[in-house]
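The next block holds one structure in the form of C-alpha cells; read it before the comments.
Numbering (mature numbering (1 follows the signal peptide of the UniProt record, and there is no 0)), first residue to last: -21 to -1, 1 to 99.
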C-alpha cells in the first residue's frame, strides 16, 4: 500500500513538472507562414467533437483582429471571418483563439494552429 502511494506521488510530481515546462505564453501579435489548421469544436453537454480544416490566413495577426481566412472544404476554398481574442505560443507553435482559453483548459473553443510561427 505504501509503495503504491509513493509511486502515485512520484507520477503526480512528474505530471505537474511536465505541465509547467509546457506552459503557454500569451503574445500580442505573430508572424505566420500564411497557412495553418483550423480546429472547430462543437461543445455539447457531455461530449466535445472537433473538426480540422486547412486554411490560409494573413502573414501578420494581432490580438483583437478580425481576419479573413480561407477554409478548404470539399476541395474548394471558402472565405470566413475569424476574430482573434487571444494568441498563445509554445516554441514555434502558435494558436489563435476565437475565445480566450480558461485557466484550467476545460472549455475548448475554435482555434487556428500555426507552425512555424513567431512573436512580433
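Glycine is no exception: its CB is placed at the ideal position from the N, C-alpha and C atoms.
Spatial distance of residue i from residue j (CA atoms)
i	j	result
residue 96	residue 18	17 Å
residue 93	residue 40	11 Å
residue 68	residue 51	24 Å
residue 36	residue 21	22 Å
Helix, strand or coil at residue i [DSSP, three-state]
i	result
residue 73	strand
residue 176	The structure shown does not extend to residue 176, since the chain is modelled only from -21 through 99, so no value can be given for it.
residue 59	strand
Cβ shell of residue i (< 8 Å), same chain only, five flanking positions each side left out
i	result
residue 71	94, 95, 96, 97
Beta-bridge pairing of residue i - partner residues as DSSP gives them
i	result
residue 44	Beta-bridge pairing links residue 44 to no other residue.
residue 49	35, 58
residue 8	41
residue 14	35
C-beta atoms of residue i and residue j nearer than 8 Å
i	j	result
residue 77	residue 90	yes
Residue-chain proximity (residue i, chain D), Cβ-Cβ < 8 Å
i	result
residue 13	This model lacks chain D altogether; it includes just one protein chain.
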